[in-house]
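**Q** Counting with my numbering, you get residues 801 to 1293 for the letters of the sequence shown. We treat Cβ as the ideally placed atom computed from N, Cα and C, and that holds for glycine. None of these values were measured; they are calculated from a predicted model.
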Amino acid sequence: MIQGTSSSAGKSILVTALCRIFRQDGYRTAPFKSQNMALNSFVTREGYEIGRSQAVQAEAAGIEPAVDMNPVLLKPQADNQSQLIVYGRPAGTVDARSYYQDKSRFWPLICKAFKSLSQRYDLIVIEGAGSPAEINLMSDDIANMRVARMAGAPVLLVADIDRGGVFASLAGTMQLLKPSQRKMVKGFIINRFRGDASLLKSGLDFLEKRYSRPVLGVIPHMKELTVAQEDSVYLDERRNTHSGSGPDVCIIHLPHISNYDDFDPLEQSCKVRYIKSADEMDDPDLIILPGTKSTISDMDFLYTSGLSHEVLVRAGRGTPVIGICGGYQMLGKAIYDPDHVESSKSAIKGLGLLDIETIYRQDKITMQIKGMVAAKAGLLQNMEGIPIEGYQIHMGRDLYNKAKPAFFVRHIDGSCIKDGASNTTGMVFGTYTHGLFNSNDFTRIMIDNLCSLRGLRRVDHRGIDREEMFNRLADTVRKSLDMGKIYDIIAGG
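Laid out in structure tokens, this is it:
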């Protein structure tokens, strides 16, 4: 089990790397995270919703993502509420206090999910949540040491040195753990180090001497990592760090942004920027409104920040605009929430760039899709029939008015349905499909169209070679860790 001294210490990436390493070494390996709190999620083939990180970890392990890998998922939304996903299905909306008072009821399900995985795989790499030393939450723990004890899993404790105070965070975590829990920690890992690792020797020696446990390795900071993360802390660290030579793509960093790894493929050929304020917009070649867990609240943010005005001004000048999921809904005329599924507001005005209206319903659509381009103009010119695939997670239903669909997709029941919409010029379109830009032919031709429309030199778009990406990650981590000691720890239980 990989636990961290804090959130965003690098647990998810380390589990991903180990899943690939163990697969390379011949073990049937699966990831597991009992309880996840994240806005980035994924839909399994069966239509279950799980954390995006667990799906990526499964991909690194070479297996199909399954709901057993993440039985409890919390998706934060506005008004200090979270949507609760239990075994892949929505189970209502909860606030923090009510959830933590009642979360032990999920323990039997967590045990069942872990047992199901353990019967099918040689090795399970478990990811903790937050820190195991949250003393106010220890008594009702269903994500850290209680899981390790249930699974009989030795714990490796990882800390992020890039934040500073790495030795204090490791030592402090050990001090706050109960003696029985401290015994379960079998080694330390330091993550995201920049520079000469030999400079850490005295600190590493201190940890090993004080706690009689090995420091298993120091993992370097991997700046150009394109592996999906589970929270937006990582996105804050990446903002405006990618300086590709292609079109300038401006993505609005909404307060409740979700599934932002949708845009990782664009970074292979475009300059991708995430912005939070109107004065950061400049004159981009493409504006994207991403997915969000709180569309109405984030629509308010667009208005109060002035970003709505900037988007409308540039769209009026001919700058292309794309919306994904909640961002697509924002491009319409209005969003209605009569049953208060997502917000205390019953309705909000949209940007009006697409002739659609969205109504929220209680039932949630979660499905993997395959489809094709339907629109014929603007960004999507000469692309009719180009295949796409991805997954959809939304509670909205669209009234199309006079809008034409951007795509046709195959519904779970086999029928062909409309997806998204395009304006008459094709310079504004939206879709419910996450993972759209992973469809390499679609993205390559769309970027060619963008360059042509904006008078830019054509760029070569190769997309992301995911197998190469996982192997490169595994190679870096394998070289950084003492895998012999880790295998000894696994064998020791």
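Would Gly1178 and Phe1208 qualify as a contact pair, given that the criterion is a beta-carbon distance under 8 Å?
**A** No, Cβ-Cβ distance for Gly1178 and Phe1208 is not below 8 Å.
**Q** Taking the Cβ atom as the reference point for each residue, do Gln1129 and Gly1190 lie within a distance shorter than 8 Å?
**A** Cβ atoms of Gln1129 and Gly1190: not closer than 8 Å.
**Q** Give the C-beta separation of Ala866 and Thr844 to the nearest angstrom, bearing in mind that I take them to be a contact with Cβ-Cβ under 8 Å.
**A** With a Cβ gap of about 6 Å, Ala866 and Thr844 count as contacting.
**Q** For Ala953 and Ser1077, I'd like the C-alpha separation in whole angstroms.
**A** Computed Cα separation, rounded: 45 Å.
**Q** When the Cα atoms are used, what is the spatial distance from Gln857 to Val985?
**A** Looking at the two C-alpha atoms, the distance is approximately 23 Å.
**Q** If you measure between the beta carbons of Pro1014 and Cys1050, is that distance less than 8 Å?
**A** It is not a contact, given that the beta carbons lie outside the stated cut-off.
**Q** Leaving aside the five residues before and after Met801 along the sequence, list all residues of the same chain whose C-beta is less than 6 Å from its C-beta, in chain order.
**A** Within the same chain, Met801 has close Cβ partners Ile926, Ala948, Ala953, Val955.
**Q** What does DSSP give as the partner residue(s) for Glu1157 in the beta ladder?
**A** Its beta-bridge partners are Ala1134, Leu1199.
**Q** Relative to the C-alpha of Ala838, which residue among Thr1092, Ala1175, Ile1156 is closest?
**A** Minimum Cα distance to Ala838 is reached at Thr1092.
**Q** Assign Pro1138 to buried or exposed, taking buried as 16 or more other Cβ atoms, counted over all protein chains shown, within 10 Å of its Cβ.
**A** So Pro1138 counts as exposed.
**Q** Please classify Gln975 as buried or exposed, where buried requires at least 16 other C-beta atoms within 10 Å of its C-beta.
**A** Exposed, since its Cβ has fewer than 16 Cβ neighbours within 10 Å.
**Q** Buried or exposed: which applies to Ala896, given that a residue is buried once 16 or more other Cβ atoms fall within 10 Å of its Cβ?
**A** Answer is exposed; the Cβ neighbour count stays below 16.
**Q** Tell me Lys1076's beta-bridge partners as DSSP assigns them.
**A** In the DSSP output, where bridge partners are listed per residue, Lys1076 has none listed.
**Q** Check this for me: beta carbons of Leu1153 and Ala1206, under 8 Å apart or not?
**A** Result no, Cβ atoms of Leu1153 and Ala1206 do not sit closer than 8 Å.
**Q** What three-state label does DSSP hand Glu859 in the structure shown?
**A** Helix.
**Q** With a threshold of 6 Å on Cβ separation, who are the neighbours of His1056 within its own chain once the five nearest residues in sequence on each side are excluded?
**A** The residues are Thr1092, Lys1093, Ser1094, Asp1098.
**Q** Would you verify that the beta carbon of Pro1047 is, or is not, closer than 8 Å to some beta carbon of chain B?
**A** Of the protein chains in the structure, only one exists, and it is not chain B.
**Q** Starting from Arg1210 and walking both ways along the beta strand (DSSP E), at which residues does that stretch end?
**A** Unbroken beta strand (DSSP E) run through Arg1210: 1207 to 1210.
**Q** Taking Leu923 as part of the beta strand (DSSP E), name the residues at either end of that continuous run.
**A** 923 to 926 is the extent of the beta strand (DSSP E) around Leu923.
**Q** Does Cys1216 pass the burial test, meaning 16 or more other C-beta atoms within 10 Å, or should it be called exposed?
**A** Burial call: exposed.
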